[in-house]
Structures are given as structure tokens and as C-alpha cells.
Amino acid sequence: MSRLIPLASPDDPRIDAYRVIKERDLVGRGGRFIVEGRTVLDVALSARNRFALESLLLAESRVHALTDLLAQAPDDLPIYTAAQPILDGITGFHIHRGLLGVGLRGEMPSMADLVASLPDEALVVVPLGITNHDNVGGIMRNAAAFGADAALFDFASCDPLYRKAIRVSVGGSLVVPFAREGSAEAILDLLAAHGFELLALSPAGEATLGGIERPKRAALLLGAEGPGLPDHVLARARTVRIPMKAGFDSLNVATTSGIALHALAGGG
1 MSRLIPLASP DDPRIDAYRV IKERDLVGRG GRFIVEGRTV LDVALSARNR
51 FALESLLLAE SRVHALTDLL AQAPDDLPIY TAAQPILDGI TGFHIHRGLL
101 GVGLRGEMPS MADLVASLPD EALVVVPLGI TNHDNVGGIM RNAAAFGADA
151 ALFDFASCDP LYRKAIRVSV GGSLVVPFAR EGSAEAILDL LAAHGFELLA
201 LSPAGEATLG GIERPKRAAL LLGAEGPGLP DHVLARARTV RIPMKAGFDS
251 LNVATTSGIA LHALAGGG
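What follows is the structure, encoded as C-alpha cells:
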């Protein structure tokens with residue numbers, strides 16, 4: 001296991017990347033992102049993780065319980081430990097899980113390169129204008145669970161590597177290839193050029209989810225709760241609905257993504 005490095009002060013410059021986490025969530029952290037909690041760390045230390053880890057920061061009281069998990073860490077990964085008051089002083093609030101890590105984005109592929117790399121038979125999820133971090137995390141969790149080949153976000157959507165989105169995704173954001181750039185129109189143009197059939201989820205969809213045959217290359221379009229997908233997007237796609245009881249036609253977008261991805265992935 002990597003050598004444990006005890007910290008005596010919250011001012012230690014070696015852990016600057018962890019400082020005042022909440023404020024830095026809002027302004028970015030220079031090519032880095034934060035992972036937290038045992039479940040996410042399990043993914044982050046596995047071969048499934050697409051990103052490198054820079055370091056870990058643990059509460060001293062958690063080290064013994066994490067021995068088996070930390071045995072997966074590379075020998076050269078710094079693992080800092082601190083008493084809970086020092087840990088809270090570093091982060092600016094109480095980290096009750098007592099387990100944090102810093103990941104490195106590295107060089108992210110462009111959306112064009114990502115789409116060009118997909119196999120002949122592919123399923124991608126395309127969240128457009130999704131600004132809620134819980135929903136983005138939920139969508140990435142479902143994309144990982146049902147084997148989506150990629151997630152393509154427009155720039156109006158929030159970052160899947162935002163701290164809360166990673167936590168809600170239970171590590172799915174570290175596993176599923178994604179790109180976040182451009183407008184909805186540019187993404188649809190790119191997908192159409194690569195032979196994807198566009199399937200837009202809408203309560204007023206012309207076809208039912210259970211009544212469509214999975215295209216060889218399928219792109220599942222999801223809109224924000226409330227407004228949903230705009231008309232100009234719906235006009236370019238095959239619209240699909242999930243049948244519900246009379247008088248109720250709305251689902252949380254993350255829930256919708258799970259149902260639709262399960263169906264399109266052949267889950268029955």
C-alpha cells in the first residue's frame with residue numbers, strides 16, 4: 001500500500017487542491033476534480049476509472065477500515081491523513097465521510113473525436129440543458145449501469161465531473177466516456193453525420209418506448225425537467241414516450257434515462 005503521510009496542520013501546502021472545496025466547486029479547480037466517499041473511491045481505484053488520481057486525503061479514524069480498499073492504490077499515490085478537525089479546516093466544512101481524493105482530467109477528447117471512436121453498434125445518451133447536478137449524476141450512473149457507450153452534453157448542461165455529480169453517479173462519471181461542448185444543434189448535426197438515429201424522450205412522443213426497435217446506432221435525447229426538449233430538437237428526432245397512468249405524464253429526467261437506457265440496452 002502507498003505510504004501514509006500524516007498532516008499536522010490544515011495549512012500544509014501539499015493539500016492545497018482540497019482547500020475550501022465548496023467555493024472552488026463554483027470557480028473550478030484547474031484541471032482537477034474531487035472524488036469523495038468509499039463507493040466512489042472503489043471505482044476511482046479500479047481499472048474502470050478513466051482518469052488518473054493525484055492524491056487521497058483521509059480522516060485518521062477511517063484508515064483502518066479502508067485497508068483493503070487502499071491496497072488497490074498505486075505505490076506512488078500520496079495518501080494524506082489528518083485528524084478530523086484538521087480535515088475540516090482544510091476543506092472548510094465537516095467531511096463526515098472522511099475520505100477525499102483529487103483526480104486529474106488530463107486531455108479530454110473532443111466530442112467529434114469521441115463520436116468518431118464509437119463502435120458500429122452504439123448507444124449514446126445526450127442530455128441537453130441539464131443544469132441540476134443530481135440529475136447529471138443520476139444519468140451518468142444509469143449510463144454506466146446499462147452500458148451506454150458515451151454521454152454527450154451540450155455546454156448548457158453542468159459538468160459530470162462536478163463534485164456532487166460524481167458522488168450521485170457513484171463513480172459512473174469516472175467510467176462512461178463523455179464530452180461536454182457546443183450547442184444542441186451542433187451535437188445533433190454530428191450524430192446525424194455519423195449515422196445515429198435520434199430518439200427524443202417526450203411525454204407527447206409519437207411512439208411508445210416499448211414499441212420501437214433499437215436502432216443499430218441510437219442517440220437518446222433528454223431535456224431538462226419542466227421545459228423538456230425544445231421544439232427544434234423534437235422536430236429533428238423520432239419522439240418517444242414512456243406510457244404512464246392517466247393524469248400523470250412526468251418523470252424525473254434521471255429516472256427517465258434509467259428506464260429508456262434499460263429498454264434500449266436490451267434489458268427487457
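According to UniProt numbering, the sequence shown holds residues 1 to 268 in order. Glycine included, C-beta positions come from ideal geometry on N, C-alpha and C.
7 Å Cβ shell around Gly223 - same chain, five flanking residues per side excluded: For the purposes of this step, residue 223 is taken as the residue at position 223 of the sequence shown. The residues are Leu128, Gly129 and Leu229.
Rounded Cβ spacing between Leu174 and Ala44 (contact assumed at less than 8 Å): Within the sequence shown, residue 174 is the residue found at index 174, counting from 1. Within the sequence shown, residue 44 is the residue found at index 44, counting from 1. With 8 Å as the limit, Leu174 and Ala44 qualify as a contact, their Cβ atoms being about 6 Å apart.
Buried versus exposed, by CB contacts within 10 Å (16 or more), residue 269: A question about residue 269 goes unanswered here, because the residues of the chain that appear run from 1 up to 268.
Pair within 8 Å by beta-carbon distance, Val233 and Leu188: Reading the sequence shown from its first residue, position 233 is the one you call residue 233. Reading the sequence shown from its first residue, position 188 is the one you call residue 188. Yes, the Cβ-Cβ distance between Val233 and Leu188 is below 8 Å.
Integer Cβ distance of Ile79 from Leu99, believed to fall under 8 Å: Position 79 of the sequence shown, counting from 1, holds the residue named residue 79. Position 99 of the sequence shown, counting from 1, holds the residue named residue 99. Not confirmed; about 11 Å, so no contact.
Three-state class that DSSP yields for Val125 in the structure shown: In the sequence shown, residue 125 corresponds to position 125, counting from 1. Here Val125 sits in strand by DSSP.
Coil, strand or helix - Tyr18 by DSSP: To locate residue 18, count along the sequence shown from 1; it is residue 18. It is helical.
Limits of the alpha helix (DSSP H) - the one that Pro85 falls within: Numbered from 1 along the sequence shown, position 85 holds the residue referred to as residue 85. From DSSP, the alpha helix (DSSP H) with Pro85 extends over Gln84 to Thr91.
Cross-strand partners of Pro6 (DSSP beta bridge): Counting from one through the sequence shown, the residue named residue 6 turns up at place 6. Pro6 pairs with Thr81.
Residues near Thr131 in its chain [Cβ-Cβ closer than 8 Å; skip 5 each side]: The residue you call residue 131 lines up with position 131 of the sequence shown. Contacts found: Ala156, Ser157, Cys158 and Ala224.
Beta carbon proximity, Asp154 to chain D, threshold 8 Å: The displayed structure is made up of one protein chain only, and chain D is not part of it.
Proximal residues to Ile139 (C-beta, below 6 Å), its chain only, five neighbours per side dropped: Position 139 of the sequence shown, counted from the start, is the residue given in the question as residue 139. Same-chain partners within the cutoff: Pro127, Ala254 and Ser257.
Proximity of Gly205 and Val240 at Cβ, strictly below 8 Å: Locating residue 205 in the sequence shown gives position 205, where the first residue counts as 1. Locating residue 240 in the sequence shown gives position 240, where the first residue counts as 1. Taking 8 Å as the Cβ cut-off, Gly205 and Val240 qualify as a contacting pair.
Whole-number beta carbon distance between Arg105 and Phe33, since they are thought to touch under 8 Å: For the purposes of this step, residue 33 is taken as the residue at position 33 of the sequence shown. For the purposes of this step, residue 105 is taken as the residue at position 105 of the sequence shown. With a Cβ gap of about 7 Å, Phe33 and Arg105 count as contacting.
Nearest to Pro74 (by Cα), restricted to the options Arg167, Glu36, Ala83 and Ala52: Sequence index remark: in the sequence shown, residue 74 carries index 74 (1-based). Here the closest residue by C-alpha is Ala52.
Inter-residue Cα distance where the pair is Arg3 and Glu36: Counted from its first residue, the sequence shown places residue 3 at position 3. Counted from its first residue, the sequence shown places residue 36 at position 36. Rounded to whole angstroms, Arg3 to Glu36 spans 20 Å at the Cα level.
Reduced DSSP secondary structure (H/G/I, E/B, other) of Leu26: Within the sequence shown, residue 26 is the residue found at index 26, counting from 1. Note that Leu26 scores a pLDDT of 48, beneath 50, so its modelled location is shaky; the value from the coordinates is reported in the next line. Helix, per DSSP.
Cβ-Cβ separation, Val125 to Ala143 (assumed contact under 8 Å), whole Å: Here residue 143 refers to the residue found at position 143 of the sequence shown. Here residue 125 refers to the residue found at position 125 of the sequence shown. About 5 Å separates the two Cβ atoms, so the contact holds.
Beta carbon of Ala265 nearer than 8 Å to that of Leu123: For the purposes of this step, residue 265 is taken as the residue at position 265 of the sequence shown. For the purposes of this step, residue 123 is taken as the residue at position 123 of the sequence shown. Yes, the Cβ-Cβ distance between Ala265 and Leu123 is below 8 Å.
6 Å Cβ shell around Val27 - same chain, five flanking residues per side excluded: For the purposes of this step, residue 27 is taken as the residue at position 27 of the sequence shown. Here Val27 scores only 46 on pLDDT, less than 50, and its place in the model should not be relied on; the value that follows carries that caveat. Excluding positions up to five away in sequence, the list is empty.
Cβ neighbour criterion (16 or more within 10 Å) applied to Ala151: As a first step, residue 151 must be located in the sequence shown, where it is residue number 151. Result: buried.
Glu197 to Ala219 span [Cα, whole Å]: Translated into positions along the sequence shown, residue 197 becomes position 197. Translated into positions along the sequence shown, residue 219 becomes position 219. Taking the straight line from one Cα to the other gives about 6 Å.
Assumed close pair Leu7, Ala82 - CB separation to whole angstroms, cut-off 8 Å: On the sequence shown, position 7 is the one that residue 7 refers to. On the sequence shown, position 82 is the one that residue 82 refers to. Confirmed, about 4 Å.
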